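Undergrad:
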Amino acid sequence: MKKSLILLSVFLLSSLIYGQTAAFLLKDGARVESVNMKMLYGEEWISLNHFLKVFGSSLHLDKKQMILSANLNGKSVSFYAGSMFFSIDNQLMHLSTTTELFNDELYYPLSEYLLLLRLYFFSEMIYSPAEKGHILKPSGFTVQDITFREFKNGTIIRIQTTEKYRKEHCKLWEGPNNWLYFTLYEATADTAAFAKTFSEGTVREMVPIQTGESLQLSFRLRKKLSSYDFYIEENPRSIVITLRTPVTGDTQTQLLEKRSKWLIDTIVLDAGHGGKDPGAVAYDGTQEKMITLDVVKRLGKLLERNSEIKVVYTRTTDVFVPIKERTKIANQAGGKLFISVHCNSSRNRQAYGSETYLLSTEKNDRAVEVTELENKVIKFEENQEFYEKLTSEQHILAVMTQNQYQKESARLADFIEKKYIKKAHSKRTYSRGVKQAGFYVLFGASMPNVLTEIGFISNREDLRRLKTKEYRQKIAEAMYEAIMEFKEKNEQEIRQ
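Quick note: the sequence shown uses the numbering used here, first residue 1416, plus one each step.
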């Protein structure tokens, strides 16, 4: 009989300066463990360090980059201090708010964390009034979910699993009378839950059969298939079955047009500030606008020499370009990516490293500070009416428009920061991660877009590096490699 993991909330008074704290009790048979919590901003926040120590394994805290990693219920998970992102099996995911750091411990709101646990780790988690807590009830089934996506030329069936399967565990074959069979060895599933009929699409019916440790999925089809296949995905752990149906001439033309639309063939590079707007100015008079222009030119040359991508610049000389004109240039050029390059600055002269931003309504103190710094550029514009009329509602609408590119923007930002670490960063600097803020320069760009801060001009060590041609070249090479990796992954998905 499987053991149940029970989380009990017990609120305790504390003399800590952060106010009231709480504890979680973990009851596994006769074993009881407690998990620490704090009262922050009027609500309960759980210690991620302590929770992962109690529930997970292989706990590791990178104190340099403040990344907390562990294994939890068969998945690897990482949280980043002060970030709205976390990763599961190396896939970047979005949080509802940033984590908070206190004494080398990361905290996250309890209410949001319970949702996260149920969504990604313990799908059957329930609240027990008798126990006055949450019961983590890990499913004994290795097949967690089966989803269908319909396309004009076929269907993709995704089988999400808890285990890492190989091709030798799988068998896919076609039977008579429009039946297709898939067998997964050493697998179990809730057959009653997955037995389904479909009113439309390629698949008419799915019949799951459990025989010992083998699971067979039988698919009754509406259409004759032109081909079928499957492949294994590690992140997230899935088996993907592709069903292709014959394509008409009109459909083939539409597919080619759609694929052409999303191929990364034009990139818009935006060198921050320029002309009468110097951007941030270092203690020795070094101006942000000159560093960003040099990096953008180096990046553009790499793309032009080593790829067939068309590069469009918002500026190639020391001229002032209004913010709204920058995204206008991007849209008119038919850009598929928009990358705005900047140098960071902070009142805290010890702050250093790179960080890359997505557009959002994020309100944490650090995001607000960076946003105010970069948005100061509008004071140099003759017509500020556009920005004065940009109400909070319009801001939200702009962000909602960008949400259709959120996944792609987040992926690009993640690639950029990872390449910075690999190509440009040394022991004396580091990546501060992917974040979100409300930059005017990202408003209106109808494509995946990011704003990357390549270093702190206010930090003497970062400034020393940024002033060298060798380091600026490394930064440009890191962005180039990130773009090419993004292009490859994005176009691979389009071709499927």
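Beta carbons: idealized from backbone N, C-alpha and C, even for Gly. All of these numbers come straight from a predicted model, not from anything done at the bench.
1. Given F1556, which residues of its chain have a CB within under 6 Å of its CB, disregarding the five upstream and five downstream residues?
2. Within this structure, are the beta carbons of L1718 and Y1835 separated by less than 8 Å?
3. Would you please state the rounded distance, in angstroms, between the beta carbons of F1901 and R1826? I believe it to be under 8 Å.
4. Look at the Cβ atom of F1563, then the Cβ atom of V1622, and state whether they are nearer than 8 Å.
5. Extract the residue ranges of the alpha helix (DSSP H) inside the segment 1692 to 1760, only unbroken runs of 4 or more that lie entirely within it.
6. Let's test the definition: count the other Cβ atoms within 10 Å of the Cβ of P1524 and tell me whether it reaches 16, buried, or not, exposed.
7. With R1659 as the anchor, note down where its beta strand (DSSP E) starts and where it stops.
8. Which of the three DSSP states, helix, strand or coil, is assigned to Q1765?
9. Under DSSP, the alpha helix (DSSP H) around A1828 begins and ends at which residues?
10. Alpha carbon to alpha carbon, how far is D1877 from V1450? Give it in angstroms, no decimals.
11. Go ahead and pull the three-state DSSP assignment for A1839.
12. On the criterion of 16 or more Cβ atoms from any shown chain inside 10 Å, does K1751 qualify as buried, or is it exposed?
13. Taking only the alpha-carbon atoms, compute the straight-line gap between K1884 and A1839 and give it to the nearest angstrom.
14. Can L1684 and L1714 be called in contact, C-beta distance under 8 Å?
15. Starting from the N-terminal side, write out each stretch of the beta strand (DSSP E) that is 3 residues or longer and does not extend beyond the segment 1475 to 1505.
16. Mind checking Q1817: buried by the 16 CB within 10 Å criterion, or exposed?
17. Around the Cβ of T1771, are there at least 16 other Cβ atoms within 10 angstroms (buried) or fewer (exposed)?
18. Taking the alpha carbon of L1476 as the reference point, which residue from N1486, L1487, A1695 and N1464 has its own alpha carbon closest?
19. Spell out a yes or no on whether the segment 1570 to 1587 and the segment 1647 to 1654 are touching, meaning 3 or more CB-CB pairs, one atom from each, closer than 8 Å.
20. Grouping DSSP H, G and I as helix and E and B as strand, with all else coil, what is T1883?
21. Return the chain-ordered list of same chain residues with a C-beta closer than 7 Å to the C-beta of P1693, the five sequence neighbours on each side being excluded.
22. Assuming C1758 and I1869 form a contact by the criterion Cβ under 8 Å, report the distance between their Cβ atoms to the nearest whole angstrom.
23. Take the Cβ of L1532 as the centre, count every other Cβ of all protein chains shown within 10 Å, and call the residue buried at 16 or more, exposed below.
24. Of all the options T1513, F1517 and Q1631, which has the alpha carbon lying nearest to the alpha carbon of E1527?
25. Roughly how many angstroms lie between the CA atoms of A1893 and G1768, to the nearest whole one?
26. Reducing DSSP to helix, strand and coil, say where Y1895 ends up.
27. Is it buried or exposed for R1880, if we count other Cβ within 10 angstroms and need 16 for buried?
28. Does L1773 come out as helix, strand or coil in the three-state DSSP assignment?
29. Starting from the C-beta of K1639, find all residues in its chain whose C-beta is less than 8 Å away, skip the five residues before and the five after it, and write them out in chain order.
30. Once the 5 residues before and after I1744 are set aside, which same chain residues still bring their CB inside 6 Å of it?
31. Take S1629 and list the residues in its own chain whose beta-carbon comes closer than 8 Å to its own, dropping the five residues that flank it on each side.
32. I need the straight-line Cα distance from N1905 to Y1646, nearest angstrom please.
33. Bridge partners of Y1600, per DSSP?
34. So, at 6 Å on beta carbons, what are the nonlocal neighbours of Q1480 in its own chain, with the 5 sequence-adjacent residues on each side left out?
35. Kindly list the residues whose CB is nearer than 7 Å to the CB of S1493, restricted to its own chain and excluding five residues on each side of it in sequence; keep chain order.
TA: Judging by the given coordinates:
1. T1603, A1604 and D1605
2. no
3. 6 Å
4. no
5. 1703 to 1721 and 1738 to 1747
6. buried
7. S1653 to R1659
8. coil
9. Q1821 to K1834
10. 39 Å
11. helix
12. buried
13. 12 Å
14. yes
15. 1482 to 1487, 1490 to 1495 and 1500 to 1503
16. Reliability of the predicted coordinates at Q1817 is poor, the pLDDT of 45 falling under 50, and no value is obtained from them.
17. buried
18. N1464
19. yes
20. coil
21. Q1702, E1703 and K1704
22. 6 Å
23. buried
24. T1513
25. 14 Å
26. helix
27. buried
28. strand
29. N1593, T1660 and P1661
30. T1729
31. T1598, L1599, Y1600, E1601 and A1602
32. 18 Å
33. S1629
34. Y1845
35. I1482, L1483, S1484, F1501 and S1502
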